[in-house]
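Chains as they are written, first to last, in my numbering: chain A, 1 to 602; chain B, 1001 to 1231. For reference, the structure discussed in these notes is given below.
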């Protein structure tokens, strides 16, 4: 084994910035990173063992202890819970004789919880030894576990057949369904891949391309909405030995799965968007950061890149353009929502913990390995080739006044037809509800946990950068759902689980707020607790990144739009309650000493 | 002269050189901005958020923001001071800080900041987390109860090759700063003492010596934190 580990490390030239890949390779041969490997990494990479552990322990899918033969990562997003996760979990627990978070005594099964895996339209879902299983039911679990015990291979267990489209390709071979319900300008198959790279780039200057993108008013589709053309302009202007284009495919916002569809059905558009961005800013390095949960697409995407290299779409003098040298490498993530923040993503690409950086400097000045770096979302890049083909006016005519183009929505929850809906910006929430067949609606989480929980009074608002901006996630909650106990609590737990912990505010405040919410849910709350939640959350504004700054949104937006739910739970007759139960707290010690305290209840 | 930068903090003119951060410039000019994770001479990361300022209506950390000509910085305002106090309180309730029995009392920056920002009792409930004390190292005790995860030991205590003695473990709410067991064995006396000195709180304690200087006569017992900077 020692020899194998040394070989892996030398494959990456003892380069500590490639630690993510080194750890992935070690996992693929050993299943985990043992102490001997950690020592070797310390010697070869010239970082201490503690520094190696620092990276391993940051990511959800790295381990320094052996796992089971079959490892089940069951998604715990709110949508999974709404669609029967508990029954599925119990079935796994019974059939595998294992508790959640542990490994069975015989070492056969490990059962773990994981944050949203991008399958919200087909929950409950799990990753089992790297393969995705969706639409799980207790019966299906019993069948699965029985066959696994009988020695069947994971790949043989996809009885449902493939999910259609390119999921059927042997390189993917997955039961994941696309569920594309509505196609607009981007998802319509009317474009011959690499047409722009072959025909337009050789006769255009980078400045020409940037000015078309600028004129189209395309803005980042990941949520922040920065004008793409302007970002490219900055990237082109910044000085550096290398320039870098990064495609952010670390789609981790619970309820979002649009990038999954783009990478399955339209990866050529995404890659071509990267080539065009590379040409425009003068980049030679291209990186696509693929979230670990989409590892099942990795071989397929790598194959496409190989094919592009053989056709001179990557490599040297692309499309015969002298000195346009650009290639793309795919970096696989390892399970950390915060890596979707662009500077955290860059840290992760450099083989470190995915902790956001303070800005300035912005990535366009100093990004990957300190080179000027443009980071764009998958959907943003996929829009580029069609904008260049049809012109900026075509794009401007789509959408609303302040928001050009279309937006791909990931719709899930209590609706008849969860899936992908491409709509023009300016579409109202009401229209989306009518599209997806949602008739009994109490609330909608727009933009994932970091977005807002809205109610009926906002259903006439329009999706746009100025009214209701969104990265694309929409989770619908019907009238029978318990919003505070199930929805808000789940979203808060998500932020607590996914915080990197580096800022004092985001490390501590969400937990303090969660406990306060528990107090209210437990019937011990008073009116002032509701106002405390609002005022306490303020300090999160000074956190470094978007995760920290929005980590209280599930609570604050639900107080804003559903305050009555909180009011119904708090005690009306008193103004103060510690939330502390003395009798309960001293129960054990009373039993131990056989005495009863005299409690002065006021 | 080209190298000189002028900008304003709370209306007061600040003169500094190009390349300084806002907090460095402020302290040069007798304007105190509280810090905890910032450590002179090491790369700052803005972890504690104590030095938060407002520039163009945006919150930034003054330890990571380069001073720029004409900048208008807000620092000593009710809004920002309230955030600073809130951060101190959060640090108190998320650990187990018992000042009277702590070797660092009087030299502790967290304690001193709490006095300066007049924290009487934290507004947040204590969490009383179960934390470990690692005394396995021959020279140092690493007490997680008192750690505020400022990264100062991580950034300043290194081997000649640049390897870190201290590093993060895990993430989020259970994040810790731990010591490298192997490297730690060979740590010099000098470095061990420096580690304790650089720690703003009592999380890194040099073994076998204690309370040499009596409580009551220590650094912040005599004067509040920042009074060496305040004009």
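C-beta atoms are modelled at their ideal positions from N, C-alpha and C, and glycine is treated no differently.
Give the residues of chain A in contact with residue i, contact being defined as C-beta atoms less than 7 Å apart.
i	result
residue 1178(B)	50
residue 1168(B)	54, 353
residue 1059(B)	541, 542
residue 1183(B)	48
residue 1161(B)	46
residue 1211(B)	Under the 7 Å cutoff, chain A gives no residues; its nearest Cβ is about 29 Å from residue 1211(B).
residue 1083(B)	539, 542
Residue i touches chain B at which residues, Cβ-Cβ below 8 Å?
i	result
residue 346(A)	Here the premise fails: no neighbours, minimum Cβ distance about 15 Å.
residue 505(A)	1049, 1087, 1090
residue 515(A)	1125, 1127
Could you check which residue in the options has the C-alpha nearest to that of residue i?
i	options	result
residue 1087(B)	597(A), 538(A), 593(A), 572(A)	538(A)
residue 1145(B)	1135(B), 1154(B), 1218(B)	1135(B)
residue 14(A)	41(A), 35(A), 37(A)	41(A)
residue 579(A)	30(A), 504(A), 563(A), 528(A)	528(A)
residue 1123(B)	1153(B), 1091(B), 1105(B), 1133(B)	1091(B)
residue 139(A)	131(A), 376(A), 419(A), 159(A)	159(A)
residue 255(A)	587(A), 487(A), 520(A), 460(A)	487(A)
residue 1161(B)	413(A), 596(A), 43(A)	43(A)
residue 1085(B)	504(A), 514(A), 550(A)	504(A)
residue 456(A)	476(A), 437(A), 466(A)	476(A)
residue 1169(B)	547(A), 156(A), 590(A), 55(A)	55(A)
residue 547(A)	51(A), 493(A), 191(A)	493(A)
residue 517(A)	532(A), 507(A), 101(A)	532(A)
Which chain A residues sit within Cβ distance under 9 Å of residue i?
i	result
residue 1173(B)	496, 497, 499, 501, 507, 508, 510, 511
residue 1094(B)	504, 507, 508, 511, 512
Would you report the Cα separation of residue i and residue j, rounded to the nearest angstrom?
i	j	result
residue 607(A)	residue 146(A)	Since the displayed chain A opens at 1 and closes at 602, residue 607(A) lies outside it and no answer follows.
residue 301(A)	residue 293(A)	14 Å
residue 177(A)	residue 122(A)	8 Å
residue 1055(B)	residue 1008(B)	10 Å
residue 602(A)	residue 512(A)	The pLDDT assigned to residue 602(A) is 48, lower than 50, so where the model puts this residue is not dependable; a value taken from the coordinates is nonetheless given after this. Their Cα atoms are separated by approximately 27 Å.
residue 70(A)	residue 374(A)	39 Å
residue 4(A)	residue 346(A)	28 Å
residue 1237(B)	residue 1105(B)	Outside the displayed range of chain B (1001 to 1231) lies residue 1237(B), so it cannot be described from this structure.
residue 544(A)	residue 408(A)	28 Å
residue 381(A)	residue 214(A)	14 Å
residue 321(A)	residue 203(A)	9 Å
residue 278(A)	residue 6(A)	35 Å
residue 27(A)	residue 1172(B)	24 Å
residue 1006(B)	residue 1072(B)	10 Å
residue 1002(B)	residue 1052(B)	28 Å
residue 1203(B)	residue 1194(B)	13 Å
residue 305(A)	residue 478(A)	43 Å
Given that residue i touches chain A, what residues does it touch there, using C-beta distances under 8 Å?
i	result
residue 1164(B)	47, 48, 50, 51
residue 1046(B)	358, 503, 544
residue 1052(B)	542
residue 1066(B)	360
Show which residues of chain B have a CB atom less than 7 Å away from the CB atom of residue i.
i	result
residue 652(A)	For residue 652(A) there is no data in the structure shown, the boundaries of chain A being 1 and 602.
residue 58(A)	1171
Report back the beta-carbon spacing between residue i and residue j to the nearest angstrom; my notes put them in contact at under 8 Å.
i	j	result
residue 336(A)	residue 58(A)	6 Å
residue 1140(B)	residue 1206(B)	6 Å
residue 340(A)	residue 250(A)	4 Å
residue 1050(B)	residue 1064(B)	With a Cβ gap of about 12 Å, residue 1050(B) and residue 1064(B) do not count as contacting.
residue 566(A)	residue 530(A)	5 Å
residue 355(A)	residue 368(A)	Residue 355(A) to residue 368(A), Cβ: 15 Å. No contact.
residue 385(A)	residue 272(A)	5 Å
residue 314(A)	residue 327(A)	5 Å
residue 603(A)	residue 64(A)	Residue numbering for chain A in the displayed model covers 1 to 602; residue 603(A) lies beyond these limits and cannot be assessed.
residue 378(A)	residue 248(A)	7 Å
Of all Cβ atoms in chain D, is any one closer than 7 Å to the Cβ of residue i?
i	result
residue 1039(B)	Protein chains A and B are contained in the structure displayed, whereas chain D is not.
Report yes if the C-beta of residue i is less than 6 Å from at least one heavy atom of the ligand SAH; otherwise report no.
i	result
residue 35(A)	As presented, the structure is devoid of all ligands, the ligand SAH included, so that no description of it is given.
Taking one C-beta from the segment 1180-1189 of chain B and one from the segment 1208-1226 of chain B each time, how about it: are there three or more such pairs within less than 8 Å? no
Any chance the segment 72-81 of chain A sits against the segment 43-56 of chain A, with 3 or more Cβ pairs inside 8 Å? no
Whether or not the segment 461-471 of chain A and the segment 497-509 of chain A are in contact is what I'm after, with contact meaning three or more pairs of Cβ atoms, one per stretch, closer than 8 Å; do they touch? no
Should the segment 551-560 of chain A be regarded as contacting the segment 450-458 of chain A, the criterion being three or more beta carbon pairs within less than 8 Å? yes
Taking 8 Å as the cut-off, does the segment 418-436 of chain A touch the segment 360-369 of chain A (at least 3 CB pairs, one atom from each stretch)? no
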